[in-house]
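Step one of this worksheet: look at the structure below.
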Amino acid sequence: MMLKWILVAFLVLGLGLGSGVTAQTRAANTAIKGELIDTLTDLGGAEMLAVAKDGTFTVVVGGSTVTLVKIGDDSLSVQGTYELTDAFLPKNSTAAEFTGVAISPDGSFALVAVKDDDEANLKTFDEVPGKVLALSLPDLKVIGQVEVGRGPDSVAIAPNGQFAVVANEDEENEEDLTNLENRPGTLSIIDLREGPTLMSQVEVPIPKEGIPFFAHDPQPETVRISADSSFIVATLQENNAIARVDLPAELPTPLRADAFTVTNFDAGIRTGLGLIEDKVGEGKCRASAYNLGDRKEFTSAREPDGIAITPDGRYLVTADEDNLTAVNQQTHAGKPLSPYGSRSLSVYDAQTGAFLGDSGNSIEEATIAAKLPMRCNRKGPEPEVVSVGVVQDRTLAFVTLERSDAITIHDITDPKNIQLLDTVVLNPDIVGQDRAAELEPEGIEFIPERNLVVVSNPESGSLSLVRIVAQ
Numbered sequence: 015m016m017l018k019w020i021l022v023a024f025l026v027l028g029l030g031l032g033s034g035v036t037a038q039t040r041a042a043n044t045a046i047k048g049e050l051i052d053t054l055t056d057l058g059g060a061e062m063l064a065v066a067k068d069g070t071f072t073v074v075v076g077g078s079t080v081t082l083v084k085i086g087d088d089s090l091s092v093q094g095t096y097e098l099t100d101a102f103l104p105k106n107s108t109a110a111e112f113t114g115v116a117i118s119p120d121g122s123f124a125l126v127a128v129k130d131d132d133e134a135n136l137k138t139f140d141e142v143p144g145k146v147l148a149l150s151l152p153d154l155k156v157i158g159q160v161e162v163g164r165g166p167d168s169v170a171i172a173p174n175g176q177f178a179v180v181a182n183e184d185e186e187n188e189e190d191l192t193n194l195e196n197r198p199g200t201l202s203i204i205d206l207r208e209g210p211t212l213m214s215q216v217e218v219p220i221p222k223e224g225i226p227f228f229a230h231d232p233q234p235e236t237v238r239i240s241a242d243s244s245f246i247v248a249t250l251q252e253n254n255a256i257a258r259v260d261l262p263a264e265l266p267t268p269l270r271a272d273a274f275t276v277t278n279f280d281a282g283i284r285t286g287l288g289l290i291e292d293k294v295g296e297g298k299c300r301a302s303a304y305n306l307g308d309r310k311e312f313t314s315a316r317e318p319d320g321i322a323i324t325p326d327g328r329y330l331v332t333a334d335e336d337n338l339t340a341v342n343q344q345t346h347a348g349k350p351l352s353p354y355g356s357r358s359l360s361v362y363d364a365q366t367g368a369f370l371g372d373s374g375n376s377i378e379e380a381t382i383a384a385k386l387p388m389r390c391n392r393k394g395p396e397p398e399v400v401s402v403g404v405v406q407d408r409t410l411a412f413v414t415l416e417r418s419d420a421i422t423i424h425d426i427t428d429p430k431n432i433q434l435l436d437t438v439v440l441n442p443d444i445v446g447q448d449r450a451a452e453l454e455p456e457g458i459e460f461i462p463e464r465n466l467v468v469v470s471n472p473e474s475g476s477l478s479l480v481r482i483v484a485q
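In this note's numbering, the protein residues as written are 15 to 485.
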C-alpha cells in the first residue's frame, strides 16, 4: 500500500512539473506579431497621446488642438475636439502649442501641457513659463489650470491620482548647450489631492550629480510614474542621463521641493554597426538598395528620449534617439562620439540605474529588411518613444521609429537577451521607396486589456491602430 501511494505522489508531482515546463515553453515559442488595422487621418495635431485606463478612448494633442478619439475593436473615430484660445495662453505669450497629455485614473479629466510658442520670445531665448490645463472628459471643457516651468513637454498622472509630474525642458538654446548661462530645466509636481479645479505645483530642481553631459543645463524630456506611485523617472535626453525621483511616504501640504529626492543615472554609450553614410533616399541610404556590406562601426551616446517602467517596477526601458552630439561635440573617455545615434532600446535596473542590456543592431536590421527609410548619416531609424506591457507572460517593448514610419516589438523579459519579435509598417506606401518618412510616428501606448497599440503620427496628423496577435 505504501509503495502504491509513493507511485501516485511521484506521478502527480511529475505531471505538475511537466505541465509547468510545457506552459513556459509554449509561451516562449508563441509568435507575437503586430497587424495595422486602422489609420485615422486629418487630425488637428497628433504630437502625443494618452490612453484611458480602460482602453476605450485616447486623447491626442498637437499644435493648438486636443482630440478625443474612441478606440473600437478595429477602428478609431473622433468624438470631440478642443482648440486652444487666447484666454489660456501662457502669461506674456501670444502663441502656444500643446505638447503632452495624461488621463486621470478614473478617466474623468485630462491634463495637457501648454508651451510658449511666441516667436519673439523664442528668438531671444526668453520663453515664458508654460501651463497645464485640466480638461473634463468627455466634453473637453477647461476646468482648471496651473502655471508650471518653461517648456513643459511630457505629462504623467500617478496611478493613485494624487499628483502629476511635468517635464519642463526649457530647451532655450540647443545649439550651444555648453553655455553656462543656460537656464536649467526642472520637474513640476502638481498636487491633485483637491481635484483638477484646485491644482497647485512646485518645481523640483535636478541636481548636477550623475549627469555626464552639460550638467548645468538638465533638460527633462519624458516622464513616467511607477505603478505603485512611489517614484518618477525622467529622461534627460541632451544630458545622456535618466533622473529618478523618490517620493515621501506621504506628500506634504503644501508640496515642497525638498520633499523629493532626485538621483541621476548615466545612460551610457553604445558601439554598433550600421549604415552611416548619405541622407535618406540618396547613395547608400536608398531603401530600395540597402547593402549590409556598407555598414560601419560607430559609437554614440544613447541620449534616451522615451522611457517606460515595466509593470512590476523592476526595469526602466528607454528609446535611444540621440540628439545633439554633432552640434555640441560630446566625448566619452576622451573619444569623440558620433552623430549617428545609438539606434536602440535599452533596459536599466529601476532601483540602481544599472545598465542591463539593449537591442543591439536589431532595430536598424529590421528597418533594412523591411526596406523602410531612415536617416543613415543622422540617427538612423530614430527610436523615439516606448511603451511596455505583458503578453503571454512575456514583457514586451513597443517602440516608434520616427524616420521609418514603423514600430518594433521586442521581448525584454530577459534584459540581457532582448529579442526582436516583429516590425509593424504603419505606412505601406513607403516600403522600398527612396523618400523620407511621411508619418513620423512618435507617441505610443500599449493597451493590455485589449492587446492593441495606438500610435500618434505628428507629420501626417494621424493615428494608427495596431492589433497584437499571439499565434
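For each residue, glycine too, the CB sits at the ideal point set by N, CA and C.
Since the structure is predicted, the reported quantities are computational estimates derived from the model, not experimental observations.
On the criterion of 16 or more Cβ atoms from any shown chain inside 10 Å, does residue i qualify as buried, or is it exposed?
i: L54; result: buried
i: Q251; result: buried
i: L194; result: exposed
i: N196; result: buried
i: T422; result: buried
i: G297; result: exposed
i: G76; result: buried
i: A178; result: buried
i: P262; result: exposed
i: T13; result: Within the shown structure, residues of the chain are numbered from 15 to 485, placing residue 13 beyond reach of any answer.
i: A181; result: buried
i: P173; result: exposed
i: R207; result: exposed
i: S89; result: exposed
i: S302; result: exposed
i: T332; result: buried
Can you list, in chain order, the residues of its chain with a C-beta nearer than 7 Å to that of residue i? Leave out the 5 residues immediately preceding and following it.
i: V74; result: L57, A60, L63, T81, V83, S470 and L477
i: T108; result: D132
i: Q433; result: H424 and D425
i: Q344; result: F227, A315 and L351
i: N465; result: V405, R481 and I482
i: P152; result: L82, Q93 and G94
i: Q485; result: T44, A45 and K47
Pull up the CB-CB distance for residue i and residue j, whole angstroms please, since I reckon it's below 8 Å.
i: A255; j: D280; result: 6 Å
i: K393; j: G367; result: In fact, because the Cβ distance is near 24 Å, the residues do not count as touching under 8 Å.
i: L306; j: I382; result: 7 Å
i: V169; j: L212; result: Actually they are not in contact, since the Cβ atoms of V169 and L212 sit about 18 Å apart, beyond 8 Å.
i: L289; j: R309; result: 6 Å
i: L201; j: V237; result: 7 Å
i: V402; j: E456; result: Contact doesn't hold; Cβ gap of about 17 Å is too wide.
i: E291; j: N391; result: 6 Å
i: S360; j: P318; result: 7 Å
i: E183; j: E223; result: Incorrect: roughly 20 Å between the Cβ atoms, too far for contact.
i: V445; j: V439; result: 6 Å
i: E416; j: V65; result: Contact flag wrong, Cβ pair sits at about 20 Å.
i: G165; j: K137; result: Rounded, the Cβ-Cβ distance is 15 Å, inconsistent with contact.
i: D242; j: G175; result: Not a contact, Cβ separation roughly 13 Å.
i: L479; j: D68; result: L479 to D68, Cβ: 16 Å. No contact.
i: N2; j: T192; result: Lying outside 15 to 485, the shown extent of the chain, residue 2 is not represented and no answer is given.
i: P210; j: I157; result: 6 Å
Near residue i, what residues of its chain come up, given a Cβ to Cβ distance below 8 Å and the 5 sequence neighbours on each side ignored?
i: V404; result: P325, L410 and P462
i: E473; result: A451, E452, L453 and E454
i: T39; result: In this prediction, T39 scores a pLDDT of 49, lower than 50, which makes its location untrustworthy; the coordinate-derived value is nonetheless stated afterwards. Around T39: no qualifying Cβ.
i: T79; result: L57, G58, G59, T95, Y96, E97, L98 and F112
i: T36; result: Bear in mind that the predicted position of T36 carries a pLDDT of just 46, short of 50, making it unreliable; the figure below should be weighed with that in mind. None.
i: I377; result: R357, S358, L359, G394, P395, P397, V413, L415, T422 and L434
i: I204; result: L125, V146, V160, V162, F177, A178, V179, V180, M213, S214 and Q215
Looking at the strands, I want to know which residues DSSP matches up with residue i.
i: K145; result: V128 and E161
i: Y329; result: D363
i: D52; result: L479
i: N187; result: Answer is none; N187 lacks a bridge partner.
i: Y96; result: V80
i: K47; result: V483
i: G224; result: Partner(s): none; G224 has no beta bridge.
i: H346; result: K349
i: T211; result: According to DSSP, T211 bridges with nothing at all.
i: A66; result: In the DSSP output, where bridge partners are listed per residue, A66 has none listed.
i: D205; result: F177 and S214
Cutting at 6 Å between CB atoms, please list the residues of its own chain near residue i, excluding the five before and the five after it.
i: E217; result: G163, T200 and S202
i: Q159; result: K145 and L147
i: F369; result: G282 and Y362
i: P266; result: A273
i: G295; result: D448 and R449
i: E186; result: F139, N196 and R197
List, from N- to C-terminal side, the alpha helix (DSSP H) runs of 4 residues or more that fit wholly inside the region 260 to 337. none
Which parts of the region 377 to 407 are runs of the beta strand (DSSP E), unbroken and 3 residues or longer, counting only runs that do not cross its ends? 397 to 405
May I have a chain-ordered list of the alpha helix (DSSP H) segments no shorter than 4 residues that lie completely inside the region 405 to 469? none
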